[in-house]
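Taking this note's numbering, I'd label the letters of the sequence shown as residues 56 to 133. C-beta atoms are modelled at their ideal positions from N, C-alpha and C, and glycine is treated no differently. Just so it is clear, the structure is predicted and the values come from calculations on it, not from any experiment.
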Amino acid sequence: MAAKDVARKVRDRVRETKAFESSLHGRVLALEKELEADRQLHRRIAELSDVVAELLVPIQDRDEAHVREILSQYRKTI
């Protein structure tokens with residue numbers, strides 16, 4: 056019997072067990088949890104980018120009151 060055949064038989068036996076199924080299910084759940092955390096992080100980064108973009112124009116125009124207003128609004132959201 057060739058090594059490939061033995062490997063296939065072992066693989067098939069492992070896949071038939073409940074341990075493989077629960078292990079795979081656990082891995083999928085962990086990946087889904089990490090994915091959701093990444094989505095939240097990306098959303099927060101996008102929000103910060105928006106605040107930075109809002110600040111660039113008033114800073115360039117030297118509009119300190121508008122800068123303070125934007126920063127105040129931002130600080131209320133954190």
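Straight-line Cα distance separating residue j from residue i
i       : j       : result
Asp-60  : Thr-72  : 19 Å
Ala-58  : Glu-102 : 55 Å
His-97  : Arg-63  : 41 Å
Val-65  : Gln-95  : 40 Å
Val-83  : Asp-67  : 20 Å
Arg-123 : Ser-104 : 17 Å
From the options, residue whose alpha carbon lies closest to that of residue i
i       : options                      : result
Lys-131 : Ala-120, Arg-117 and Val-106 : Val-106
Any non-hydrogen atom of the ligand FAD within 8 Å of residue i CB
i      : result
Asp-67 : What this structure holds is no ligand at all, so the ligand FAD is not there to describe.
Integer-rounded CB distance, given that residue j should sit under 8 Å from residue i
i       : j       : result
Leu-110 : Ile-100 : 16 Å between Cβ atoms; not a contact.
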